[in-house]
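Numbering (my numbering), first residue to last: -10 to 492. We treat Cβ as the ideally placed atom computed from N, Cα and C, and that holds for glycine. What follows is a short report on a single structure.
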Amino acid sequence: MMGHPAGNPYARLFNQLPFPTVVLNREMVVEAVNQVFLKRYGLSEDQVLGHRCHEVFYQSESVCPENRCHFAEALAGQDNCFNLHHYVNRAGEEVFEEIHLVALRDDQGEVEGVLEIVRDISQAKRLEASLTETNEFLHRLLNSMVGVVVAADMDGKILFVNQSVKRVLDFEPEELVGKPLTMLGPPEDLRQARRLLDNSRGQVQGVRTKVFTKIGEEVPVRLNSSYVYRDGAPVATVGIFTDLREKLKMEDHLVQARMQVVHSEKLARLGRMAAGIAHELNNPLTGITVYAELLKESLPPDHPAQNDLNYIIEDTERCRDIVRGLLEYSRQGELQVEDTDISEVVEDAFNLIRDNSVFMHVEVVRHYFPEPLMIQGDKKLLRQVFINLLMNAVDAMDGRGTLTVTTYLDAEDFRCVEVSDTGGGIDQENLRRVFDPFFTTKAVGKGTGLGLSVAFGVITRHGGEISVKETGQQGTTFLVRLPAEAPHELLAFARAYKPQPRG
Ligand code: ADP
């Protein structure tokens, strides 16, 4: 039997201990209990003394399982034994206790019992739980951010990176933690970012820089970064960057769209000017032809001036062709809009020029869509467009090669015509200018530089598009796309400028 604390000089001390404490003998029976214990559990001495530990703590007849109770270890003299006790008290609060078990030894050093000291750790547990909750919340918050968040220590080792890194750079966050920041960006850019931080009181906003994807592709980003301070000294850096690829793409589109507007305004101005000149030239040219013809008729057929007159008439005809082109380009000509099959228009265009000697050594391949590709348009103007494209194709091949014409319906229900040649292609620097009026690379007298600009005017007026689909050493493909229905303006224009019956 152990010495009862009451009978020993430390009994008062035992009672003054701030922790609820009981003394158990080797059979787990409570031999002493302090006042704090009785008060804490609202028990009387009788309800505690002489009862076994599990009866007092758990109101249970059976001994607690070994994984929960370390009494045996404490009895064996092991240090640092404690049981965890978790319950809901009468006030409905969750209570967490650590019950420390300390071996009590007699004068010979033999363990004669165990001292159980209760330490309430509810407060700490609650703090821990709320900390975990806060941590989880912060984690979720960081991971739901659109931007990529990267924290690194002062040596540039990555400490944390959020889930967005997967979407933006294709890295799993785990692949980056512990690795150097240079996995994400060029060393020089990182040094520069650090210098900026040093020079801007530890906070930098909106810096344009670049980072790498997992396969080493560069991604332009906007970076906000700052130092994390502890006791006034920087201990880490945090960077948040956003992917600029989409934004830059949009900006490029905008610039292109703006350039197109400028281009079409330029073309419109040129068109008006061309129309003015064409009108002015039309009358004198008609005069020259008529008077040359009259002179020709008034001279005998073998007169030496006949040849010169022929030259005058031919050249004047060429000038009138140019004037006609200018008028078409400037959209001043007459218009007749009707429903028509675009494959048929292409075939008509081809038939009009096929006998030209330049076609002699050209193989022509035609792939027409099996059904009519109906559009609303001016047949004559559209035919002229395809004549221009076909003649350009043949010119590009110097009369030798394969000319392929294909018509089809595309995914957006546009009626498409492709004219491909096996010529030398269009130089990159000329590519932007081929649709400009008067742009030509052909010899003087061979090209007017109006063919494609007329084609451009006619096709855009029909609500369609004309473009160089492909060009290179293997040849060039021009693509014309036309909608099924003509735009209202074209139909209105056609009504207003109905061709007058001749005669
Ligand atoms: P032109 O034929 O009178 O020169 P266009 O406006 O029809 O005028 O064409 C402008 C220029 O575009 C041509 O001079 C030529 O340099 C280029 N081009 C047009 N079509 C082709 C083609 N199929 N292959 C190569 N270059 C072409």
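CB contact flag (residue i, residue j, <8 angstroms)
| i | j | result |
| --- | --- | --- |
| GLN181 | SER215 | no |
| GLY102 | ARG15 | yes |
| LEU284 | CYS308 | no |
| ILE88 | HIS74 | yes |
| THR507 | VAL217 | This structure cannot speak to residue 507, because the chain is shown only from -10 to 492. |
| GLN463 | THR411 | yes |
| LEU90 | ASN78 | no |
| VAL353 | THR396 | no |
| VAL150 | VAL138 | yes |
| LYS114 | ILE147 | no |
| ASP402 | ALA473 | yes |
| PRO426 | SER442 | yes |
| ALA497 | ILE311 | Lying before the first or after the last residue shown, residue 497 is absent from the chain, which here runs from -10 to 492. |
| PHE26 | PRO7 | no |
| GLY265 | THR437 | no |
| HIS59 | SER51 | no |
| THR460 | LEU420 | yes |
| ARG483 | VAL374 | In the sequence on display, residue 483 carries Ala and not Arg. For ALA483 and VAL374, no; Cβs fall outside 8 angstroms. |
| ARG470 | GLY453 | yes |
| LEU316 | ASP367 | no |
| VAL154 | PHE160 | yes |
| LEU158 | THR202 | yes |
| PHE424 | VAL383 | no |
| VAL100 | GLY66 | yes |
| LEU500 | VAL196 | Because the chain here runs from -10 to 492, residue 500 falls outside it and cannot be looked at. |
| GLY440 | ASN345 | no |
| PHE358 | LEU298 | no |
Residues near residue i by beta carbon distance below 6 angstroms, same chain, minus five either side
| i | result |
| --- | --- |
| GLY174 | VAL200 |
| GLU327 | none |
| ASN213 | GLN194, ILE229 |
| LEU468 | GLU407, SER456, LYS458 |
| ILE106 | PHE8, THR10, HIS89 |
| HIS128 | none |
| THR393 | VAL354, SER409 |
| LEU130 | none |
Contacts around residue i, its chain only, beta-carbon distance under 7 angstroms, and the 5 residues preceding and following it disregarded
| i | result |
| --- | --- |
| ALA294 | LEU288 |
| LEU233 | PRO209, VAL210, ARG211 |
| GLY492 | Note that GLY492 has pLDDT 37, beneath the 50 cutoff, so the model's placement of it is unreliable and no number is given. |
| LEU104 | THR10, VAL12, VAL91, LEU93 |
| GLN152 | ASN132, PRO162 |
| LYS435 | none |
| ASN271 | VAL312 |
| LEU429 | Reading off the sequence, residue 429 comes out as Thr, not Leu. Only GLY436, THR437, GLY438 meet the Cβ criterion. |
| ILE110 | PHE85, GLU86, GLU87 |
| ARG57 | ASN72 |
Inter-residue CB distance, residue i and residue j (contact presumed, cutoff 8 angstroms)
| i | j | result |
| --- | --- | --- |
| LEU64 | VAL12 | About 13 angstroms; that fails the 8 angstroms criterion. |
| THR329 | ILE364 | 6 angstroms |
| THR465 | ALA385 | 6 angstroms |
| GLY388 | HIS350 | 6 angstroms |
| GLU83 | ARG108 | The Cβ separation is near 16 angstroms, so there is no contact. |
| ILE415 | LEU379 | No, ILE415 and LEU379 are not in contact; Cβ-Cβ is about 16 angstroms, not under 8 angstroms. |
| LEU371 | SER332 | At roughly 11 angstroms, the Cβ-Cβ gap does not stay under 8 angstroms, so LEU371 and SER332 are not in contact. |
| CYS53 | GLU62 | Not a contact, Cβ separation roughly 13 angstroms. |
| LEU479 | HIS451 | 6 angstroms |
Own chain residues within Cβ distance below 8 angstroms of residue i, not counting five before or after
| i | result |
| --- | --- |
| HIS40 | VAL18, VAL19 |
| GLY(-8) | Because the pLDDT of GLY(-8) is 48, which lies under 50, any placement of that residue in the model is unreliable, and the question is left without a value. |
| ALA574 | As displayed, the chain neither begins before -10 nor continues past 492, which places residue 574 out of reach and without an answer. |
| ASP68 | none |
| SER33 | LEU27 |
| ALA400 | none |
Report the start-end ranges of each beta strand (DSSP E) in the segment 62 to 145 that is 3 residues or longer and not cut off at the edges. 70 to 77, 83 to 94, 100 to 109, 137 to 142
Whole runs of the beta strand (DSSP E) within the segment 359 to 417, excluding any shorter than 3 residues: Taken in chain order, the complete beta strand (DSSP E) segments of 3 or more residues contained in the segment 359 to 417 are 363 to 366, 389 to 398, 404 to 410.
Which full runs of the alpha helix (DSSP H) of 4+ residues lie inside the segment 234 to 320, going along the chain? 234 to 287, 294 to 318
Suppose only complete runs of 4+ residues qualify. What are the alpha helix (DSSP H) ranges in the segment 430 to 458, listed by chain order? 440 to 450
Can you list, in chain order, the stretches of the alpha helix (DSSP H) that have 4 or more residues and sit fully within the segment 146 to 206? Runs found: 153 to 158, 162 to 165, 176 to 188.
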